[in-house]
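To convert a position in the sequence shown, counted from 1, into the numbering used here, add 1153.
Even glycine gets a Cβ: it sits at the ideal position worked out from N, Cα and C.
Notes follow once the structure below has been shown.
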Amino acid sequence: MVQFRDPWYIDLVDAEHGNSLMNRGMQNAVYRTRESTPPDGFKPNYDTPLPPANQPYRGVFLNENNQFDPLNPIYSVGAPLSQTIGNYPNCTFFGWRATASTPALFQNHTSTQTAIVFRSANDNINAQYKGHCLSSTSTATATTNQRKIFYSSGDYFSVYVSGGLIWYTKLHDGIWAPEQLVSTYSNATAKNPSIAEYWPYVHFVWEEIVNGINYVYYRRLDQNASQDPWSNIIQLSYVDGTFDATPIVSTMGYSGQAVVVWKKFDGNPVFYGMNLQV
């Protein structure tokens, strides 16, 4: 399901003016929930009625409040943090995506509810969800020369690929936590992740293709941080060729340090590494 909040939608009975209909404005606008079943989804077009008022929608305005001024009206979209999609329960929301040539702007594309500015006709707005412990590829945990699961102090830490993105989950007290996105979802070319943990840090490395060049990336999660636990994504090196660098990360038994090695030159058995002080 998806939600849409439109301060211009005319559905409120105005008793002071002959019970005619009026819009609610920004102060009283509400999120309307609609089922969203691909490929049709929810279409706020000229004819679609929106329960419970069942008034025709009349479409949306383009380029409305593209500065996200809180004093001016603006559209908003929303989606549940978790929902069942098809036969897969507990799918977790991880972001919004617009697919037009001039895509819509989100105030916060990773928030379940966010203001939005439509910028072109026929734009598709998708709430993206990740199925728990599910992958779009049969090689989610390949290759065997990289560490995909790490055991420490009774917990299992796992990293894998799905949809060209790198995902992380943790088993604690017999329960797997919802996935967290490690790589950026704007570039779905990520592959070959590796993981290591030494409290309080979980270390990740993987590779991505950017403008036709393969790069090795690193990121860290601070399990002890109450705010902003994720570090920035660090580009470690390019790969000289089209082969897989298969980076591997280790803590070498030290908290706050990570050692990364990867193959940089095709046909050369030498591995290159970097000692990260994080």
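Distance CB(residue i)-CB(residue j) smaller than 8 Å
{"i": "E1360", "j": "A1398", "result": "yes"}
{"i": "Y1370", "j": "I1348", "result": "no"}
{"i": "A1268", "j": "S1229", "result": "yes"}
{"i": "T1292", "j": "S1315", "result": "no"}
{"i": "L1389", "j": "V1413", "result": "yes"}
{"i": "K1301", "j": "T1294", "result": "yes"}
CB-CB length for residue i against residue j, believed under 8 Å
{"i": "S1305", "j": "E1350", "result": "5 Å"}
{"i": "N1172", "j": "L1165", "result": "10 Å between Cβ atoms; not a contact."}
{"i": "G1327", "j": "A1343", "result": "G1327 to A1343, Cβ: 29 Å. No contact."}
{"i": "N1225", "j": "N1219", "result": "About 10 Å; that fails the 8 Å criterion."}
{"i": "Y1338", "j": "Y1368", "result": "In fact, because the Cβ distance is near 17 Å, the residues do not count as touching under 8 Å."}
{"i": "F1221", "j": "R1185", "result": "Between R1185 and F1221 the Cβ distance is about 21 Å, and since that is not below 8 Å, they are no contact."}
Pick from the options that is closest to residue i, judged by C-alpha positions
{"i": "Y1182", "options": "G1194, Y1162, G1171, H1170", "result": "Reading off the sequence, residue 1182 comes out as Ala, not Tyr. Ranking G1194, Y1162, G1171, H1170 by Cα distance to A1182 puts Y1162 first."}
{"i": "C1244", "options": "S1384, P1197, A1330, T1290", "result": "A1330"}
{"i": "D1308", "options": "S1336, G1316, L1324, V1392", "result": "L1324"}
{"i": "A1253", "options": "A1168, T1292, S1273, A1341", "result": "S1273"}
{"i": "T1265", "options": "P1256, Y1354, I1278, F1214", "result": "I1278"}
{"i": "T1395", "options": "E1332, S1384, I1366", "result": "I1366"}
{"i": "R1373", "options": "H1356, S1379, N1364", "result": "H1356"}
{"i": "L1215", "options": "Q1208, I1227, P1223", "result": "I1227"}
{"i": "C1286", "options": "D1276, T1297, Q1260, I1319", "result": "I1319"}
{"i": "Y1354", "options": "G1327, A1411, H1262, N1298", "result": "A1411"}
{"i": "A1378", "options": "D1200, W1352, Y1368", "result": "W1352"}
{"i": "P1346", "options": "D1381, D1393, N1298", "result": "N1298"}
{"i": "T1296", "options": "I1401, P1382, N1240", "result": "I1401"}
{"i": "R1187", "options": "F1247, P1233, N1225, H1170", "result": "P1233"}
{"i": "L1174", "options": "P1209, N1240, G1239, N1261", "result": "P1209"}
{"i": "T1255", "options": "T1294, A1168, V1270", "result": "V1270"}
{"i": "G1178", "options": "N1385, S1235, P1223, P1197", "result": "P1223"}
{"i": "K1416", "options": "G1406, G1231, D1393", "result": "D1393"}
{"i": "G1231", "options": "D1375, S1408, H1262", "result": "H1262"}
{"i": "I1238", "options": "S1384, M1405, M1154, V1413", "result": "M1154"}
{"i": "G1409", "options": "A1341, N1275, S1336, D1375", "result": "D1375"}
{"i": "V1213", "options": "P1160, V1335, S1384, S1403", "result": "P1160"}
Helix, strand or coil at residue i [DSSP, three-state]
{"i": "E1217", "result": "coil"}
{"i": "A1251", "result": "strand"}
{"i": "F1157", "result": "strand"}
{"i": "E1188", "result": "coil"}
{"i": "A1168", "result": "helix"}
{"i": "L1334", "result": "strand"}
{"i": "Q1260", "result": "coil"}
{"i": "C1392", "result": "Per the sequence presented here, residue 1392 reads as Val, with Cys not at that position. Coil at V1392, not helix or strand."}
{"i": "N1244", "result": "Checking the displayed sequence, the identity of residue 1244 turns out to be Cys instead of Asn. DSSP places C1244 in strand when its eight states are reduced to three."}
{"i": "I1163", "result": "strand"}
{"i": "H1325", "result": "strand"}
{"i": "Q1299", "result": "coil"}
{"i": "S1235", "result": "strand"}
{"i": "G1223", "result": "Residue identity check: residue 1223 is Pro in the sequence provided, not Gly. Looking at P1223 - three-state DSSP - the assignment turns out to be coil, as it is neither helix nor strand."}
{"i": "Y1210", "result": "coil"}
Residue i - containing beta strand (DSSP E), residue span
{"i": "G1178", "result": "That residue, G1178, is in no beta strand (DSSP E); its alpha helix (DSSP H) goes 1178-1181."}
{"i": "V1412", "result": "1410-1416"}
{"i": "G1231", "result": "1228-1231"}
{"i": "N1367", "result": "1366-1375"}
{"i": "D1308", "result": "1308-1315"}
{"i": "H1285", "result": "No beta strand (DSSP E) contains H1285, which DSSP labels as neither H nor E."}
Interface flag, residue i vs chain C, CB-CB below 8 Å
{"i": "T1263", "result": "This model lacks chain C altogether; it includes just one protein chain."}
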